[in-house]
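There are 2 protein chains.
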Amino acid sequence: MKIAILTIGDELLNGDLADTNTIAISRQLIENALPVREASTIGDSAVDIAAALRRLAESHDAVIATGGLGPTEDDRTAKAAAMAFERSYSLNDKALLQIRARFQEWQREMHPRNEKQAMLPGRSTVIANNIGTAPGFHLQHKQADLYFLPGVPREMLTMLNEYVVPSLLQRFPDPPMRCQRTLGVFGLPEPTVESRINRNVLPEGVELAFNVEFPVVQVKLRSKGEDAQRLVDRAELAARKALGHYVFGIDNDTLAGSTARLLSTAGLTISLAESCTGGLIAQLLTDQPGASAFLERSIVSYANSAKTDCLKVEQDILDRYGAVSPECAEAMANGVRSAARTDISLAVTGIAGPDGGTADKPVGTVYLAMISPQGKRVERFNFSGNREQVRLRTACTALDWLRRQAMAQLSGGILENEA
Amino acid sequence: MKIAILTIGDELLNGDLADTNTIAISRQLIENALPVREASTIGDSAVDIAAALRRLAESHDAVIATGGLGPTEDDRTAKAAAMAFERSYSLNDKALLQIRARFQEWQREMHPRNEKQAMLPGRSTVIANNIGTAPGFHLQHKQADLYFLPGVPREMLTMLNEYVVPSLLQRFPDPPMRCQRTLGVFGLPEPTVESRINRNVLPEGVELAFNVEFPVVQVKLRSKGEDAQRLVDRAELAARKALGHYVFGIDNDTLAGSTARLLSTAGLTISLAESCTGGLIAQLLTDQPGASAFLERSIVSYANSAKTDCLKVEQDILDRYGAVSPECAEAMANGVRSAARTDISLAVTGIAGPDGGTADKPVGTVYLAMISPQGKRVERFNFSGNREQVRLRTACTALDWLRRQAMAQLSGGILENEA
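As they're listed, the protein sequences go chains A and B. Take 0 as the starting number for the first sequence in numbering that gives the first Met the number 0 and just add one per residue. Take 0 as the starting number for the second sequence in numbering that gives the first Met the number 0 and just add one per residue.
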């Protein structure tokens with residue numbers, strides 16, 4: 000079963016509009032075990048559209064095309080489909096009735112221009128559009144089913160779910176059982192993740208893939224057939240054994256989301272003191288609904304005056320060791336914890352760049368300090384990358400410390416940093 | 000001149016990852032008057048990649064491929080290119096040196112697996128990657144130039160600008176004159192922006208398009224021919240006249256970037272007190288290098304105890320009016336300004352949702368307060384949308400207040416809110 004997507008429109012190629020239909024369609028299809036083999040984008044030229052349709056129809060069992068069904072002159076998909084498959088291009092009465100009904104429902108007069116939207120290739124089945132004016136259509140050419148939908152995401156998606164997916168499932172009634180799981184990993188570089196989970200530790204019949212969504216590494220486990228679910232469950236266990244607590248979650252879990260959930264579950268309260276991350280740690284945590292259950296405050300102490308004033312960092316520490324030092328990080332963490340009276344406090348100070356680096360403390364030098372009832376932890380990091388990357392890696396490392404601390408609390412012990 | 004983009008990776012077809020490279024590449028190319036004719040996406044199968052490369056090379060003058068250059072087994076682009084164009088697939092010494100240099104620079108040991116990234120098709124020119132480990136490469140097949148770049152957006156974009164665009168401009172030295180300018184607009188809904196700039200106010204020969212990058216509206220002005228630059232300059236003037244100070248910048252300017260630049264130029268210092276935005280305002284400002292010139296601190300006072308303790312908000316205000324009230328917003332702004340001794344202070348408090356709304360103060364209720372030497376400003380907003388949208392709109396409104404305040408300072412007067 001080979002399925003292709005074709006998105007149509009000059010605006011998708013000239014930088015005006017990002018194509019969001021391809022991922023929306025592939026997500027719907029994969030949920031129905033219908034994998035996409037290729038996606039293409041082409042402009043509004045009827046000749047180019049016709050050539051792309053012919054090519055995809057020759058090499059695929061199904062083609063889902065979106066866009067170019069509007070009332071304006073540069074909407075040429077129906078005409079191109081007629082050209083491509085040598086059909087007539089003529090007024091489809093059923094389509095016209097649907098368009099008229101839409102305008103009547105809206106109590107608006109139908110512009111003569113909209114009649115063009117009822118011009119379809121011969122031997123097409125109309126796909127109803129219950130939201131907008133552009134009807135879709137479905138035609139067959141040799142072994143291929145071709146579905147044409149409008150480009151407006153909401154209309155497209157409704158018609159995909161109401162017509163295209165059922166039609167595909169009717170044609171391919173027994174799509175192979177599939178199961179996929181994504182493990183989110185933080186704190187190990189991709190090659191290390193890969194060498195820890197080689198195919199040997201996984202059961203036969205499980206595909207393995209890696210993906211980096213900086214700074215997170217994703218491990219993807221996939222299987223087909225009747226045993227898919229069971230095999231993926233076993234593979235997840237094996238992968239978790241190989242990666243230990245570097246795995247922070249599965250599928251749609253984010254590092255911030257997992258951290259927030261664990262802090263809430265453990266009933267821990269936290270306070271933050273952020274210098275180089277400038278509010279990023281707090282922002283990531285407060286993106287999660289319910290963050291007020293655990294976050295008391297974050298002091299973004301960008302200037303030294305803010306460090307001495309809000310965090311009670313002694314001027315002497317700043318003078319002797321500088322703001323980017325283990326001493327300052329620890330003093331910041333102590334300062335915010337005493338004032339906020341939280342279970343845990345965490346502080347970061349560092350040099351995100353592009354300026355401010357020295358020989359001793361180049362750009363990417365970051366100190367983290369965490370104080371908890373179990374004691375203190377202070378560490379230096381040398382992160383690579385640009386300002387954005389240094390800040391993001393610092394924030395994620397801070398989240399990971401908090402996550403592991405909450406896990407330790409929940410499991411009644413202190414976790415080792417190494418899994 | 001026919002240019003195609005090929006993005007490679009299973010994750011782009013199985014719903015895991017939205018392809019952002021196609022639009023990023025087409026934007027860069029169109030700015031250089033290099034239009035894209037087709038974009039395709041294919042999975043990790045070497046046979047499929049090779050077939051797609053052959054097809055695109057036959058029908059285009061240039062192909063820009065991204066993805067599949069990583070160190071793992073499912074990265075197969077270089078091998079597929081060798082297959083497609085019947086080249087050897089062998090270790091490229093220059094590429095290997097570059098990878099080694101990268102690891103040396105990072106002071107990290109090179110994983111043996113990374114050597115695979117130096118395996119390239121014969122007769123390739125290495126495209127240096129000064130950020131990551133994956134070198135790109137350039138090869139010629141018949142009339143076509145093929146460029147292979149990593150899929151990581153930042154690495155891809157740097158290599159595109161440093162190597163691919165100059166190479167294309169060398170091959171196509173006289174692309175038709177084109178000029179495009181994007182105006183960033185904040186604070187007006189799209190239909191209002193559209194009705195303020197109708198085509199009548201623009202000179203003949205200038206195309207107009209609108210785009211929303213929430214919560215910013217972009218106005219795009221384009222022209223072709225010898226007069227392109229002059230016409231777009233005139234159109235920009237007309238558009239600015241119609242939109243006034245709602246325009247915060249052009250082309251790659253962001254609202255946070257423009258605000259930061261103006262604050263620095265005006266020599267103003269600021270402090271923030273953030274409740275519902277949870278650090279987002281500070282994070283957006285500190286994303287900008289040099290933010291320490293103007294940002295003294297931001298107090299993320301998520302809990303009421305943080306408001307009374309760090310911001311000296313009186314318990315009485317919290318009891319009588321609640322934390323989400325104009326009184327509390329003003330007290331927060333006063334509190335942070337007295338402690339930080341900055342020119343300006345800005346405070347936000349509100350209900351981002353999904354929970355916490357009441358009949359009087361539904362989700363989306365937000366108060367902003369700003370104190371400056373010119374006086375105070377306190378306003379209530381009722382933002383629509385989900386948690387993320389309410390937070391982002393709140394943060395952008397705060398940035399916009401600061402931006403306009405800095406502009407007023409620079410122009411020696413106080414700007415009206417209405418342009």
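Just so it is clear, CB atoms sit at the ideal spot from N, CA and C, and this is done for glycine as well. The structure displayed is predicted, hence computed values, not measured ones.
To the nearest angstrom, how far is the alpha carbon of B:F209 from that of B:T181? Residue mapping note: residue 209 of chain B aligns to position 210 of the second sequence, counting from 1. Residue mapping note: residue 181 of chain B aligns to position 182 of the second sequence, counting from 1. Cα to Cα, the separation comes out at about 9 angstroms.
Indicate the three-state DSSP secondary structure (helix, strand or coil) for A:E417 in the structure shown. Indexing the first sequence from 1 puts residue 417 of chain A at position 418. The pLDDT assigned to A:E417 is 44, lower than 50, so where the model puts this residue is not dependable; a value taken from the coordinates is nonetheless given after this. It is coil, neither helix nor strand.
Contacts that B:A338 makes with chain A (C-beta to C-beta distance below 9 angstroms): Here residue 338 of chain B refers to the residue found at position 339 of the second sequence. Simply A305, D308, C309.
Collapsed DSSP secondary structure at B:R59 in the structure displayed: Counted from its first residue, the second sequence places residue 59 of chain B at position 60. In the sequence under discussion, the amino acid at residue 59 of chain B is His, which differs from the Arg named in the question. Residue state, collapsed to three classes: coil.
Contacts around A:V351, its chain only, beta-carbon distance under 6 angstroms, and the 5 residues preceding and following it disregarded: Within the first sequence, residue 351 of chain A is the residue found at index 352, counting from 1. Here residue 351 of chain A is Ala; the residue named in the question, Val, does not match the sequence. Same-chain partners within the cutoff: C275, R386, V389, R390.
What are the start and end residues of each continuous alpha helix (DSSP H) run of 4 or more residues lying completely inside the region 314 to 379 of chain B, in chain order? 314 to 320, 325 to 339
Could you tell me whether the Cβ of B:G278 comes closer than 8 angstroms to any Cβ of chain A? On the second sequence, residue 278 of chain B is found 279 positions in, with the first residue counted as 1. Chain A, which has a Cβ nearer than 8 angstroms to the Cβ of B:G278, makes this yes.
Is B:D232 helix, strand or coil when you go by DSSP? Reading the second sequence from its first residue, position 233 is the one you call residue 232 of chain B. Helix, per DSSP.
In the DSSP assignment, the alpha helix (DSSP H) including A:G256 goes from what residue to what residue? On the first sequence, residue 256 of chain A is found 257 positions in, with the first residue counted as 1. Here the alpha helix (DSSP H) through A:G256 covers 254 to 265.
With a threshold of 8 angstroms between beta-carbons, can A:V312 be considered close to chain B, or not? For the purposes of this step, residue 312 of chain A is identified with residue 313 of the first sequence, where counting begins at 1. False, the Cβ-Cβ gap to chain B never drops below 8 angstroms.
Tell me which same chain residues have a C-beta within less than 8 angstroms of the C-beta of B:A322, skipping the five on either side of it? Here the question's residue 322 of chain B lines up with position 323 in the second sequence. Closer than 8 angstroms at the Cβ level, and outside the excluded window around B:A322, lie S274, N303, K306, T348.
Residues near B:K233 in its chain [Cβ-Cβ closer than 7 angstroms; skip 5 each side]: Position 234 of the second sequence, counted from the start, is the residue given in the question as residue 233 of chain B. Looking at the sequence provided, one finds Arg at residue 233 of chain B rather than Lys. Closer than 7 angstroms at Cβ, skipping near neighbours: P202.
Within chain A, partners of B:W105 - CB distance below 7 angstroms: For this step, residue 105 of chain B is matched to residue 106 along the second sequence. Result: S383.
Taking A:L317 and A:C327 to be in contact with their CB atoms under 8 angstroms, please state how far apart those CB atoms are, rounded to whole angstroms. Indexing the first sequence from 1 puts residue 317 of chain A at position 318. Indexing the first sequence from 1 puts residue 327 of chain A at position 328. With 8 angstroms as the limit, A:L317 and A:C327 qualify as a contact, their Cβ atoms being about 7 angstroms apart.
Would B:S324 count as contacting chain A if we go by Cβ distances under 8 angstroms? By 1-based counting over the second sequence, the position of residue 324 of chain B is 325. So, not an interface residue.
Beta-bridge partners of A:G183, as assigned by DSSP: Working through the first sequence from its first residue, we reach residue 183 of chain A at position 184. The partner list for A:G183 (beta bridge, DSSP) reads A:Q217, A:G248.
State yes or no: is the beta carbon of A:R386 nearer than 8 angstroms to at least one beta carbon in chain B? Stepping through the first sequence from its first residue, residue 386 of chain A is reached at position 387. Interface residue (Cβ-Cβ distance to chain B less than 8 angstroms): A:R386 is classified as such.
From B:A45, B:Q27, B:A238, B:G14, residue whose alpha carbon lies closest to that of B:V164: Here residue 164 of chain B corresponds to residue number 165 of the second sequence, with the count starting at 1. Nearest C-alpha to B:V164: B:Q27.
How many Å lie between A:G66 and B:A17 at the Cα? One-based indexing of the first sequence puts residue 66 of chain A at position 67. One-based indexing of the second sequence puts residue 17 of chain B at position 18. Distance between the alpha carbons of A:G66 and B:A17: 18 angstroms.
Check whether the Cβ of A:L16 lies closer than 8 angstroms to any Cβ atom in chain B. Position 17 of the first sequence, counted from the start, is the residue given in the question as residue 16 of chain A. Yes, its Cβ sits closer than 8 angstroms to a Cβ of chain B.
Closer than 8 angstroms is the cut-off here; do at least three beta carbon pairs connect the region 98 to 111 of chain A with the region 120 to 135 of chain A? yes
For A:G289, which residues in the same chain have their Cβ closer than 8 angstroms to its Cβ, ignoring the five residues on either side in sequence? Taking the first sequence and counting its residues from 1, the one referred to as residue 289 of chain A is at position 290. A259, S263.
Taking C-beta pairs closer than 9 angstroms, name the residues in chain B that A:D354 reaches, listed in chain order. What you label residue 354 of chain A is simply residue 355 of the first sequence in a count that begins at 1. Chain B residues near A:D354: P288, G289.
Beta-carbon proximity list for A:A418, same chain, < 8 angstroms, skipping 5 on both sides: Looking up residue 418 of chain A in the first sequence gives position 419. Caution applies to A:A418, whose pLDDT of 41 falls short of 50 and renders its modelled position unreliable; the value that the coordinates give is listed next. The residues are L242, G243, H244, Y245.
If you drop the 5 nearest sequence neighbours on each side, which residues of the same chain put their C-beta closer than 6 angstroms to that of B:V435? Here chain B covers residues 0 to 418 and nothing more, so residue 435 of chain B does not appear.
Residues in the region 18 to 40 of chain B with C-beta within 9 angstroms of chain A's C-beta atoms, listed in sequence order? D18, T19, T21, I22, A23, I24, S25, R26, Q27, L28, I29, E30, P34, V35, R36, E37, A38, S39, T40
Do A:V215 and A:L420 count as a contact pair if the criterion is CB distance below 8 angstroms? In the structure displayed, chain A extends from 0 to 418; residue 420 of chain A sits before or after that span and is not available.
Can the beta-carbon of A:S257 be found closer than 8 angstroms to that of A:G266? Counting from 1 along the first sequence, the entry for residue 257 of chain A is found at position 258. Counting from 1 along the first sequence, the entry for residue 266 of chain A is found at position 267. No.
Does B:S300 have its Cβ less than 8 angstroms from a Cβ in chain A? Within the second sequence, residue 300 of chain B is the residue found at index 301, counting from 1. It does: the Cβ of B:S300 has a partner Cβ on chain A nearer than 8 angstroms.
DSSP on A:I269, reduced to helix/strand/coil? Counting from one through the first sequence, the residue named residue 269 of chain A turns up at place 270. In the structure shown, A:I269 sits in a strand (DSSP, three-state: E or B).
Taking the alpha-carbon of B:A81 as reference, which of B:M118, B:M109, B:D73 has the nearest alpha-carbon? Here residue 81 of chain B is taken as the residue at index 82 of the second sequence, counted from 1. Comparing Cα-Cα distances from B:A81 to each of B:M118, B:M109, B:D73, the minimum goes to B:M118.
Considering only the alpha carbon of each residue, which of B:E235, B:F213, B:N199 lies closest to B:S383? By 1-based counting over the second sequence, the position of residue 383 of chain B is 384. Residue B:F213 is the option with its Cα nearest to B:S383.
By the 10 Å Cβ neighbour count, where 16 or more other Cβ atoms means buried, how is A:R75 classified, buried or exposed? Indexing the first sequence from 1 puts residue 75 of chain A at position 76. A:R75 is buried by the Cβ-count criterion.
Quick one: which residues of the region 200 to 222 of chain A get their C-beta closer than 7 angstroms to a C-beta of chain B? List them in chain order. A208, F209, N210
From what residue to what residue does the alpha helix (DSSP H) around B:V389 run? What you label residue 389 of chain B is simply residue 390 of the second sequence in a count that begins at 1. Segment 386 to 410, the alpha helix (DSSP H) holding B:V389.
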